[in-house]
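Working notes for the structure below.
Residue numbers (the working numbering), protein chains in the order written: chain R, 1 to 241; chain H, 1001 to 1267; chain Z, 2001 to 2352.
Here is the structure:
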């Protein structure tokens, strides 16, 4: 589904953000992307979405390299949920925002509306439909942002810090929602408990390189590995020991 | 509470008002917009001494407030911004125009006083009318009406986006100024040494946000234009409202209703 | 400088609408031709930022008062004149709709007075020539000096033009008896001060942006290579315009010599007007409706006795009936208000 082949990226000569990163993610996998601030998590997301171009190596989505000509197709395949929902929700109402992508992709209005209703029902947030984006709470906004991506019916979903700055209840709601998603998932986060709950595999980045790549259970239990890379054990596992 | 937070409160108060339900809320935004424009044009077109004829115009906003269930008081808070310049200009009229225009008992009233009052009333009335429009019509409905009036889609889209982010940026600026004040006790505003960096930081943050916003639009298939125009229903009721209002305003403008009513009682 | 509807006659307001719409049309056409989809979100967020930035108080050293940002100059330096103009329009629309700052009918005039001068005159006649010139030499320091000069000159000149337009538009509308010269003499000097402060704020912000991310600014030479042709002539021409405008304002001031009362009046209302949003500690929407209604009625009636001129001996008033009629209409208005309030209370009670 997603493949990085020896990808390097730098903004300028001095700052090498990614150094020869290679990994691949299969259909239906859910992968957590963890690492300290500045380890290169967001860069990987941006490269995947074609918002940045690799200085070296190639990024493939469903076997096609991400390039100018394949951009439209890649972006239809991947849905990206941004960290700050305010960046994502720019229309007046939640429903308008959800209609934005389907209409851009040429879906007739009534079909788009049907999709919107279907997604809202699936997430159990029908009450948000006619609400104004500037009047809904942080947790509601996060759910709505996920909804705006789901209406595109992407084959894979990328998420940047989906649980940041949420209260425990809303965090749990997001985690349950993410767990229920059938698509391929790539989730960048510092919330290791959430990663443990939602992902079966973890890629640990450090200084622009992959420090570890393997089953979530193994990596997230490896205290020495995590601490060497400026992370710590997920709270739920730390308490068990 | 700082000024930004107050402004945010003011905006959310308007949100609360637009979320209410009443016959006025249910009218088509297009009809309301047109009636408001006709009302303001007619109101400001009265002659400078037409005080008594102008007074009749108060009936539209007062009726609209009453029917919509919006307390008139909410709109008077807004006057503090609009009225000072009007009063300033008006205050000079009594000083320059001292010729008596009419007598009440044995008190003569000068033309300047009448023209000043007329001016201030025009200001208050037109403000009341625009307030009724925004207090009963959410911004996206107003924008849809603007599209119906063929205002270019780029401008309407820009208005919607700006409105959406005005709240977000105000929130950011409010947090920044709180943070500033906590470390600068006793300062009323931003000190000159921070003039550039304070707003500059806000500006850089806004540019970063614009970048993320553009990315999020691109990722959802944005190709340079999106036309936001929700449906604008325009029923028979709206047409009647528009025609009746326009007719009544023009009647008020051409016939001196106040004098007619007064004539029934005097002499 | 936001004008209310009452200050304009429909013909003047309409003319200004047409003028502003023409400039907006040109701007949209130009932006569509440039076809840069990334511009729209930047314009929106920049406009939102200016809108928020206008509510920040800047303490003016040595005085108790504070200055504010208007934003036309800043937006055009960041976005270019066309995009800056459209962004200023939406800022003004939001101010007009949601904060009653400037009227709906007066919008055309307000756009012209603030956005057109700030963006187009400010950009083409001030910002671009100065930034392209080699004034103060070359190098980073010189560029910073040019930014400061352009910001201050730009704000002062465009505000002078705006204030003058307010005077012209109001006078043409025939709603004031204040002679044109005296009105201008009041408006121009005040806006000279406001413009200076705004210029200083704008220059501080733009210098900060120049240090942090110079590529955001229009016409700023990022590469450090030589700028285009020296246009010292342009700069001189601009300085001449400044001298003319300032000199004109000052001579008007000198010739009319308004007395102290008028100055005090102006100073007071002006202070209130520049503080505009929410510095006063009024309760917001909390005070009782009845009190407000009473106040509004009082407002519209109480002037009469105070301003009467008992010594005049002209023939009896022609429209006593008009006054009586007005009083009846006013009473009717109050009754409508009260009925509305009564039903609202009922409805509320029923809900409870």
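Ideal placement from N, C-alpha and C gives every residue a C-beta, glycine not left out.
Hey, residue i and residue j: beta-carbon distance below 8 Å or not?
i: residue 2176 (chain Z); j: residue 1089 (chain H); result: yes
i: residue 101 (chain R); j: residue 152 (chain R); result: yes
i: residue 1207 (chain H); j: residue 1004 (chain H); result: no
i: residue 1142 (chain H); j: residue 1120 (chain H); result: no
i: residue 2086 (chain Z); j: residue 2102 (chain Z); result: no
i: residue 2114 (chain Z); j: residue 2084 (chain Z); result: no
i: residue 78 (chain R); j: residue 49 (chain R); result: yes
i: residue 2333 (chain Z); j: residue 1059 (chain H); result: yes
i: residue 189 (chain R); j: residue 25 (chain R); result: no
i: residue 1155 (chain H); j: residue 2157 (chain Z); result: no
i: residue 2155 (chain Z); j: residue 2198 (chain Z); result: yes
i: residue 195 (chain R); j: residue 159 (chain R); result: no
i: residue 2003 (chain Z); j: residue 1085 (chain H); result: yes
i: residue 2134 (chain Z); j: residue 2219 (chain Z); result: no
i: residue 2020 (chain Z); j: residue 2116 (chain Z); result: yes
i: residue 285 (chain R); j: residue 179 (chain R); result: Outside the displayed span of chain R (1 to 241) sits residue 285 (chain R), for which this structure offers no information.
How many angstroms separate the CA atom of residue i from the CA atom of residue j?
i: residue 164 (chain R); j: residue 207 (chain R); result: 22 Å
i: residue 2178 (chain Z); j: residue 2336 (chain Z); result: 37 Å
i: residue 1105 (chain H); j: residue 1118 (chain H); result: 21 Å
i: residue 1263 (chain H); j: residue 2323 (chain Z); result: 10 Å
i: residue 1 (chain R); j: residue 2039 (chain Z); result: 33 Å
i: residue 246 (chain R); j: residue 141 (chain R); result: Given that chain R is displayed from residue 1 to residue 241, the structure contains no residue 246 (chain R) and the question cannot be resolved.
i: residue 1204 (chain H); j: residue 2329 (chain Z); result: 55 Å
i: residue 1242 (chain H); j: residue 1236 (chain H); result: 10 Å
i: residue 2256 (chain Z); j: residue 2185 (chain Z); result: Legend: pLDDT at residue 2256 (chain Z) = 43, less than 50; position of this residue unreliable, value from coordinates given subsequently. Residue 2256 (chain Z) and residue 2185 (chain Z): Cα-Cα distance of roughly 7 Å.
i: residue 2339 (chain Z); j: residue 2327 (chain Z); result: 18 Å
i: residue 2124 (chain Z); j: residue 2081 (chain Z); result: 8 Å
i: residue 2253 (chain Z); j: residue 98 (chain R); result: At residue 2253 (chain Z), the pLDDT of 47 sits below 50, so the modelled position is not reliable; the number obtained from the coordinates is stated separately. So the two alpha carbons sit approximately 59 Å from each other.
i: residue 948 (chain H); j: residue 2169 (chain Z); result: Summary: the structure shown does not reach residue 948 (chain H), with chain H confined to residues 1001 through 1267, and so no result is reported for it.
i: residue 1210 (chain H); j: residue 143 (chain R); result: 22 Å
i: residue 91 (chain R); j: residue 168 (chain R); result: 28 Å
i: residue 1254 (chain H); j: residue 1045 (chain H); result: 11 Å
i: residue 1057 (chain H); j: residue 1010 (chain H); result: 27 Å
For residue i, which residues in chain R fall below 8 Å Cβ to Cβ?
i: residue 1178 (chain H); result: Per Cβ cutoff of 8 Å: no residues; residue 1178 (chain H) is ~18 Å from chain R at best.
i: residue 1226 (chain H); result: 100, 103 and 104
Name, please, each residue of chain Z whose Cβ falls closer than 8 Å to the Cβ of residue i.
i: residue 1141 (chain H); result: Chain Z residues near residue 1141 (chain H): none, gap ~12 Å exceeds 8 Å.
i: residue 1032 (chain H); result: Correct list: empty, because the minimum Cβ distance to chain Z is about 12 Å.
Note down, in chain order, every chain H residue with its Cβ under 8 Å from the Cβ of residue i.
i: residue 101 (chain R); result: 1220 and 1221
i: residue 201 (chain R); result: Within 8 Å Cβ-Cβ: nothing; residue 201 (chain R) doesn't reach chain H, min ~24 Å.
i: residue 93 (chain R); result: 1140
Which residues in chain Z have a C-beta closer than 9 Å to the C-beta of residue i? List them in chain order.
i: residue 1011 (chain H); result: 2098 and 2099
For a contact meaning CB atoms closer than 7 Å, what does residue i contact in chain R?
i: residue 1269 (chain H); result: Chain H is shown from 1001 up to 1267; residue 1269 (chain H) falls before or after that span and cannot be answered.
What does residue i reach in chain H if we use C-beta pairs closer than 7 Å?
i: residue 133 (chain R); result: 1164
i: residue 280 (chain R); result: The requested residue 280 (chain R) does not occur in the structure, where chain R is confined to residues 1 to 241.
i: residue 2061 (chain Z); result: 1192
i: residue 2035 (chain Z); result: 1224
i: residue 2184 (chain Z); result: Residues of chain H passing the Cβ test: none, with the nearest at roughly 13 Å.
i: residue 87 (chain R); result: 1209, 1212, 1213 and 1216
Just to make sure I have the definition right: I need the residues of chain H whose C-beta is within less than 9 Å of the C-beta of residue i. Which are they?
i: residue 2057 (chain Z); result: 1002, 1003, 1177, 1188, 1189 and 1190
i: residue 90 (chain R); result: 1160, 1161, 1164, 1165, 1213, 1216 and 1217
i: residue 75 (chain R); result: 1218, 1219, 1220 and 1221
Could you work out which residues of chain Z lie near residue i, taking near to mean beta carbons separated by less than 7 Å?
i: residue 1256 (chain H); result: 2322
Against chain R, which members of the stretch 1152-1174 of chain H pass a CB distance test of less than 7 Å?
Flagged, chain order: 1160, 1161, 1164, 1167 and 1168.
Any residues in the stretch 1210-1224 of chain H with a beta carbon nearer than 8 Å to a beta carbon of chain R? Which ones, in chain order?
If you check each beta-carbon in the stretch 1210-1224 of chain H against every beta-carbon of chain R, the ones closer than 8 Å belong to 1212, 1213, 1215, 1216, 1217, 1218, 1219, 1220, 1221, 1222 and 1223.
Please name the residues in the stretch 147-178 of chain R whose beta-carbon is closer than 9 Å to at least one beta-carbon of chain H, in chain order.
In summary, the residues of the stretch 147-178 of chain R whose CB is separated from some CB of chain H by less than 9 Å are 148, 149 and 152, in the order they occur in the chain.
Which parts of the stretch 1124-1160 of chain H are runs of the alpha helix (DSSP H), unbroken and 4 residues or longer, counting only runs that do not cross its ends?
1139-1148, all fully within the stretch 1124-1160 of chain H.
What residues in the stretch 2156-2171 of chain Z have a beta carbon less than 9 Å from any beta carbon of chain H?
Of all residues in the stretch 2156-2171 of chain Z, those with a C-beta nearer than 9 Å to a C-beta of chain H are 2166 and 2170, reading in chain order.
Select from the stretch 1084-1098 of chain H all residues with a C-beta closer than 9 Å to any C-beta belonging to chain Z, and list them in chain order.
Taking 9 Å as the Cβ-Cβ cut-off against chain Z, the residues of the stretch 1084-1098 of chain H that qualify are 1084, 1085, 1086, 1087, 1088, 1089, 1090, 1091, 1092, 1093, 1094, 1095, 1096, 1097 and 1098.
Please specify which runs of the beta strand (DSSP E), each continuous and at least 3 residues long, are wholly inside the stretch 132-166 of chain R, giving them in chain order.
The stretch 132-166 of chain R contains, as complete beta strand (DSSP E) runs of 3+ residues, the segments 156-160 (chain order).
By the 7 Å beta-carbon criterion, what residues does the stretch 42-67 of chain R contribute toward chain H?
Answer set for the stretch 42-67 of chain R: 49 and 51.
Write down every uninterrupted run of the beta strand (DSSP E) in the stretch 177-206 of chain R whose length is 3 residues or greater and which is fully enclosed by it, in chain order.
Entirely contained in the stretch 177-206 of chain R, the beta strand (DSSP E) runs reaching 3 residues are, in chain order, 184-188 and 201-206.
The stretch 102-119 of chain R: which residues have C-beta closer than 8 Å to a C-beta of chain H, in chain order?
Contacts with chain H (Cβ-Cβ distance below 8 Å) from the stretch 102-119 of chain R involve 103, 104 and 105, listed in chain order.
Please list, in chain order, the residues of the stretch 1012-1024 of chain H that have any C-beta partner in chain R closer than 8 Å.
Cβ contacts with chain R: 1012 and 1015.
Determine which residues of the stretch 2204-2221 of chain Z have a Cβ less than 7 Å from any Cβ of chain H, and write them out in chain order.
Taking 7 Å as the cut-off between beta carbons, the residues of the stretch 2204-2221 of chain Z near chain H are 2204, 2205, 2207, 2208, 2209, 2212, 2213 and 2216, in sequence order.
Could you list the residues in the stretch 2105-2116 of chain Z with a C-beta less than 8 Å from some C-beta on chain H, going in chain order?
For the stretch 2105-2116 of chain Z, residues whose beta-carbon sits nearer than 8 Å to a beta-carbon of chain H comprise 2105.
May I have a chain-ordered list of the alpha helix (DSSP H) segments no shorter than 4 residues that lie completely inside the stretch 1081-1112 of chain H?
Here the runs fully enclosed are 1093-1096.
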